[in-house]
Amino acid sequence: MTIRVALHHKTAYHYDKPIQLAPHVFRLRPAAHSRTPVTAYSLKITPENHFISWQQDPFGNYLARVVFPEKSTELSIEVDLIAEMTVINPFDFFLEEYAENFPFVYPEQLLKELAPYLEIRENGPVLASWLSEVETGQKAIVDFLVYLNQRVNQTVNYSIRMEAGVQTCEETLEKQLGSCRDSAWLLVQALRHMGLAARFVSGYLVQLTADIKSLDGPSGTDVDFTDLHAWAEVYIPGAGWIGLDPTSGLLAGEGHIPLACTADYVSAAPVTGGYTGQANIEFSFSNNVTRIHEDPRVTKPYSEEQWTQIDKLGHKVDAELKSGDVRLTMGGEPTFISIDNMDAPEWNIDADGVQKRKLAGELVRRLRDSFAPGG
Numbered sequence: 046m047t048i049r050v051a052l053h054h055k056t057a058y059h060y061d062k063p064i065q066l067a068p069h070v071f072r073l074r075p076a077a078h079s080r081t082p083v084t085a086y087s088l089k090i091t092p093e094n095h096f097i098s099w100q101q102d103p104f105g106n107y108l109a110r111v112v113f114p115e116k117s118t119e120l121s122i123e124v125d126l127i128a129e130m131t132v133i134n135p136f137d138f139f140l141e142e143y144a145e146n147f148p149f150v151y152p153e154q155l156l157k158e159l160a161p162y163l164e165i166r167e168n169g170p171v172l173a174s175w176l177s178e179v180e181t182g183q184k185a186i187v188d189f190l191v192y193l194n195q196r197v198n199q200t201v202n203y204s205i206r207m208e209a210g211v212q213t214c215e216e217t218l219e220k221q222l223g224s225c226r227d228s229a230w231l232l233v234q235a236l237r238h239m240g241l242a243a244r245f246v247s248g249y250l251v252q253l254t255a256d257i258k259s260l261d262g263p264s265g266t267d268v269d270f271t272d273l274h275a276w277a278e279v280y281i282p283g284a285g286w287i288g289l290d291p292t293s294g295l296l297a298g299e300g301h302i303p304l305a306c307t308a309d310y311v312s313a314a315p316v317t318g319g320y321t322g323q324a325n326i327e328f329s330f331s332n333n334v335t336r337i338h339e340d341p342r343v344t345k346p347y348s349e350e351q352w353t354q355i356d357k358l359g360h361k362v363d364a365e366l367k368s369g370d371v372r373l374t375m376g377g378e379p380t381f382i383s384i385d386n387m388d389a390p391e392w393n394i395d396a397d398g399v400q401k402r403k404l405a406g407e408l409v410r411r412l413r414d415s416f417a418p419g420g
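Here my numbering = 1-based position in the sequence shown + 45.
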């Protein structure tokens, strides 16, 4: 069942003196391939005196390029969107026969098209040592992806990093600590070392509290939550791009809303730009999600008040049917139609027919033999 949510994201920079904002690029519009339907979207930028141009980068991501002609003491970016949180089965995909097991080789044409996503950017000794322990024997591709994703999850402990940029794989592995973007970049590089095309993803993560607490494991967040997040996607022929979230060790689901998917994390930053002038900066950030519609479901059925309204409506309908002398009957005749010559009159408008009589005779004898042998 669908839960419709409203997401509000605001990032603001306040300057104690007027500064000149350089042209900025905002990657804050859901990507076209988002599996979670986004039914409404708006982007509000302050200062209001600006020029905005919507573009698409070489990877098909939406970019808002904004130019500010005048000096300002504030830069504020607000995103509002409505998303349909219908449950997604992340394993619901087909595979080309040659890609059902790992390892496999991409066809020549596909190799050309995926070249940017196969580039190995890091090959340090710590990463090489970590990769040497990866089990690379033949196994089902889905099993291998789950295994590698969980291996990154088990290696890197999650931390919140406010510093800009992404750690190198060497740094992440040495510390065994990193943010979501650090784990995502490590997984991207690991996949490429395994010969699999992978890309870096920046987006929103929406997590809603479960209706019922889990009996045999973590139940997830205690409150509805959303934030900017990063994960990886791997390209498997037949299935296309499959989202892998090493922060949780799970495949991406309906809570993952991609904003930018790129071959290099540098090109996926939600906001890029600068300013000229000298000023002290005050930074603020907020991200929240609100449920605006929920369909009744097994784990959260109708409330007592809703059931009372439904019952009241049923009695009203019964009263109107009775006042109109509407009488209901129920038929019990077995009805069937022949799979042969189904357009003949006897199967459409005639009550009887040669073939219908023959088949009816065979049917009644089969019923007799089944329910009343010897009858």
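Positions of the beta carbon are idealized from the N, C-alpha and C atoms, including for glycine.
- Judged by pairs of C-beta atoms under 8 Å, the stretch 133-143 does not touch the stretch 348-355, as fewer than three such pairs exist.
- Take the alpha-carbon of residue 223 and the one of residue 357: they are about 57 Å apart.
- Taken atom to atom, the span from the alpha-carbon of residue 279 to that of residue 258 is near 32 Å.
- Under the 10 Å beta carbon count, residue 315 is surrounded by 16 or more other beta carbons and is classified as buried.
- By the C-beta density criterion, residue 194 is buried, having at least 16 other C-beta atoms within 10 angstroms.
- Going by DSSP, residue 395 is part of no beta strand (DSSP E) at all; its letter is neither H nor E.
- Counting the other CB atoms within 10 Å of its CB gives residue 118 a total below 16, which places it among the exposed residues.
- CA-to-CA, the gap between residue 240 and residue 122 works out to about 39 Å.
- Taken through DSSP and simplified to helix, strand or coil, residue 221 comes out as coil.
- In terms of Cβ geometry, residue 242 and residue 163 form a close pair [threshold 8 Å].
- Secondary structure of residue 365 (DSSP, three-state): helix.
- Short of 7 Å from the beta carbon of residue 344, and not among the five residues preceding or following it, lie these beta carbons of its own chain, in chain order: 256 and 257.
- Annotation for residue 286: 78, 244, 278, 279, 280 and 306 place their beta carbon closer than 8 Å to its own, counting only its chain and skipping 5 residues before and after.
- Restricted to the stretch 222-268, the beta strand (DSSP E) segments that are unbroken, complete and at least 3 residues in length are 243-252, listed in chain order.
- For residue 284, DSSP records no beta bridge to any residue.
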